[in-house]
Amino acid sequence: MAQNSSGTGFPTGPREADLREELAEARKELDRRDEIIAALSRKLDECALAARTAEPAAAQAALRESERRLSAIFAQAAVGLSEIAPDGRFRMVNDQLCSLLGRTREELLRLNVQDVTHPDDLARNLPLFTRLVETGEVFSIEKRYVRADGSHFWAESSVSRIIGADGEALGVIAATVDLTERREAENRLRETRDEAVQARTEAEQASRAKSRFLASVSHDLRQPVTSASLFLDLLKRRPLGPQERELVEPLASSIDSLIGMLNGLLQVARLDAGIVTADPRDFLLDELLQRLFDEFQRPAQAAGLRFHVPPVHLRVRSDPLLLELILRNLISNAIKYTPDGSVSVLTRVEDGHVVLDVTDTGLGIAKEDSERIFDEFYQGAETARDHSRGFGIGLATARRVAALLGIEIVVASEIGRGSTFSLVLAQAESEGTVPSDRRYFGIQGLAGFSALVIDDEPLVLRGLEVMLKSWDVQVHAVRTLSQAKELFRTLDRPLDVVIADYSLAHGERGTDVVAAARRHGTEAAILLTGDTSPERLAEAERSGCRLLHKPVNADTLGAVLKAVCLK
0 MAQNSSGTGF PTGPREADLR EELAEARKEL DRRDEIIAAL SRKLDECALA
50 ARTAEPAAAQ AALRESERRL SAIFAQAAVG LSEIAPDGRF RMVNDQLCSL
100 LGRTREELLR LNVQDVTHPD DLARNLPLFT RLVETGEVFS IEKRYVRADG
150 SHFWAESSVS RIIGADGEAL GVIAATVDLT ERREAENRLR ETRDEAVQAR
200 TEAEQASRAK SRFLASVSHD LRQPVTSASL FLDLLKRRPL GPQERELVEP
250 LASSIDSLIG MLNGLLQVAR LDAGIVTADP RDFLLDELLQ RLFDEFQRPA
300 QAAGLRFHVP PVHLRVRSDP LLLELILRNL ISNAIKYTPD GSVSVLTRVE
350 DGHVVLDVTD TGLGIAKEDS ERIFDEFYQG AETARDHSRG FGIGLATARR
400 VAALLGIEIV VASEIGRGST FSLVLAQAES EGTVPSDRRY FGIQGLAGFS
450 ALVIDDEPLV LRGLEVMLKS WDVQVHAVRT LSQAKELFRT LDRPLDVVIA
500 DYSLAHGERG TDVVAAARRH GTEAAILLTG DTSPERLAEA ERSGCRLLHK
550 PVNADTLGAV LKAVCLK
């Protein structure tokens, strides 16, 4: 939320502006009251001076003129004025004070200040009044006055002492201003702020509830999808006839689509967990774009689209992994929403910056939706029920990651003609060759390795066991921590690697299994997790193990397994 000019963090809409204007008017009224008090004090001083220094006749004339002016000021003042005797009785009141208190002048002159002060405020008011009469210490107090009908209102009274020629206290003069409007404005402003705080609290609670829901749903879905993906990979490696392949290929496509959705939820969870940080450095853009071309060429062709990624020879400064994540989401989104035509990733240099444009000839985006498309789970009215296009979190994730990189995603679109999403990157100044971040590990060369696999889901455990055995890995499969510990005690030598599900049954953790394995000499470990809650992700990241997110396929598992075993 943007800060307002006062730095409170609350919204400053028209309503708050009106309240601030009302408060400003109230302050002006208080300033006018102070001017009146000052004028009265000057006139009283003039009267005293005239009485002491003028000739008798001239003194009488000067005194009468001062009294006339004083009476005029007193009567016409826009604030409530009163002269009060040292014992608290009203000696003189003006029309404004009578109006405020709902009483006639005659009624007020029969009363004292205590009679029109709210009982709950007497304890604050009386000591100040007494000290003023005795010492001359002026004071200002906000208190409640009681009207003739029994109702009360808040007002501020500024009180000064009147001194006679002999220096004795003759009484006090008080200026009273109704604070009702100011208090109401302050209350409305406070309510507005309270509403903003409440809205922010509710939004934060909703966000936490969303994260918990996504984590729960994602975890429950990842388990069966993992086993399905592993068994499908095994099936695809077998000789299949044309009819069987016609069944397997759409099944594989459906599972890939589901994995893509789950990975989208994972990206959101990782961002919510705060474990995604930018690591900017100089690198060649060519390699990143080549990876994206290799990844999306087949899906684009399957959708009947032309996919263009012209080669470039440019170096940029950014985080290559996060930039690739942004571009992957933008390209995937473009392919999903382009019925025909093409999707292109174009690069240009402008004013010392590298601009990446992901352009499509798709449906286009209405102007009123140009911001909403970055909201999580928003897909647009025309595709709101088309879940084959995913959950609608790709662009939301892309914008959040872009914010981590300090860049903006700029959208230009026209309904029926397509869209362009642009990123502006810093062009790298340094020269030289940058080592590639891309690594490839096959699944050959794993024969003879020994592994413990632990998962409390029988189908997932069976899928992992069969897959590893197909690579000639010696596999020990267990479902609980106690079974793993018993296995470690019976082994003659340490295992090469532990592959453990992070969340096991009965509150057990895969990290506990890894710790037990390391006590028996096994260092290499891979954690599998289907849990996307921010807290669990952060814990898993801190474990020091290689982390794989379910659902995991054979290629990914084989690559990581070979990497940790040959390290």
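Positions 0 to 566 (numbering that gives the first Met the number 0) are the ones given, in order, by the sequence shown.
Think of the CB as a built atom: it goes at the ideal place given N, C-alpha and C, for glycine as much as any other residue.
Exposed or buried, G509, counting other C-beta atoms within 10 Å across all chains shown (16 or more means buried)? Burial state of G509 is buried, judged by a 10 Å Cβ sphere holding 16 or more other Cβ atoms.
If you follow the beta strand (DSSP E) that T528 is part of, which residue opens it and which one closes it? In this chain, the beta strand (DSSP E) harbouring T528 covers 524-528.
Where F487 falls: helix, strand or coil (DSSP): Under the three-state reduction of DSSP output, F487 falls in the helix class.
Using C-beta distances below 6 Å, list every residue in its chain close to V400, excluding the 5 sequence neighbours before and after it, in chain order. L321, L324, I325, listed in sequence order.
Starting from V115, follow its DSSP beta bridges and name the residues at the other end. Among the bridge pairs identified by DSSP, V115 is matched with none.
Could you tell me if E413 is buried or exposed, where buried requires 16 or more neighbouring beta carbons within 10 angstroms of its beta carbon? E413 should be labelled exposed.
Considering only the beta carbon of each residue, do V512 and V496 sit closer than 9 Å? Result no, Cβ atoms of V512 and V496 do not sit closer than 9 Å.
What's the call for D177, buried or exposed, on a 16-neighbour Cβ count within 10 Å? Taking all protein chains shown into account, D177 has 16 or more neighbouring C-beta atoms within 10 Å of its C-beta and is therefore buried.
So if DSSP puts I498 in a beta bridge, which residue, or which two residues, is it bridged to? Beta-bridge analysis with DSSP links I498 to V452, I525.
So what does DSSP say about G389, is it helix, strand or coil? Only weak support exists for where G389 lies, its pLDDT of 43 falling under 50; the coordinates are left without a value.
Euclidean distance between Cα positions of R388 and S331: Here R388 scores only 43 on pLDDT, less than 50, and its place in the model should not be relied on; the value that follows carries that caveat. Distance from the CA of R388 to the CA of S331, rounded to the nearest whole angstrom, comes to 9 Å.
If you measure between the beta carbons of T479 and I453, is that distance less than 9 Å? Yes, they are a contact pair.
Own chain, CB closer than 8 Å to A504, minus 5 neighbours either side, in chain order: Answer for A504: D455, R478, T479, listed in chain order.
In three-state terms, what does DSSP make of I567? Because the chain in this structure spans residues 0 to 566, residue 567 falls outside the shown range and cannot be described.
Grab me the residues of E136's own chain with a C-beta within less than 6 Å of its C-beta, minus the 5 sequence neighbours each way, in chain order. Answer for E136: R130, listed in chain order.
Nearest-angstrom Cα separation, counted from V224 out to P241: Between the alpha carbons of P241 and V224 lies a distance of about 25 Å.
Do you know how far the Cα of R123 is from the Cα of K81? In the sequence as displayed, the identity of residue 81 is Ser instead of Lys. Rounded to whole angstroms, the separation of the alpha carbons of R123 and S81 is 20 Å.
If you run the structure through DSSP and keep just helix, strand and coil, what is A476? Strand at A476.
Just the C-alpha distance for D554 and S228, rounded to the nearest angstrom, thanks. The C-alpha of D554 lies about 11 Å from the C-alpha of S228.
F282 vs A446 beta-carbon contact at 9 Å: Cβ distance not < 9 Å, so F282 and A446 don't count as in contact.
Under the rule that 16 or more other beta-carbon atoms within 10 Å means buried, what is N186, buried or exposed? Around the beta carbon of N186, a 10 Å sphere encloses fewer than 16 other beta carbons of the protein chains shown; the residue is thus reported as exposed.
Quick check on K549: does DSSP put it in helix, strand or coil? Correct three-state label for K549: coil.
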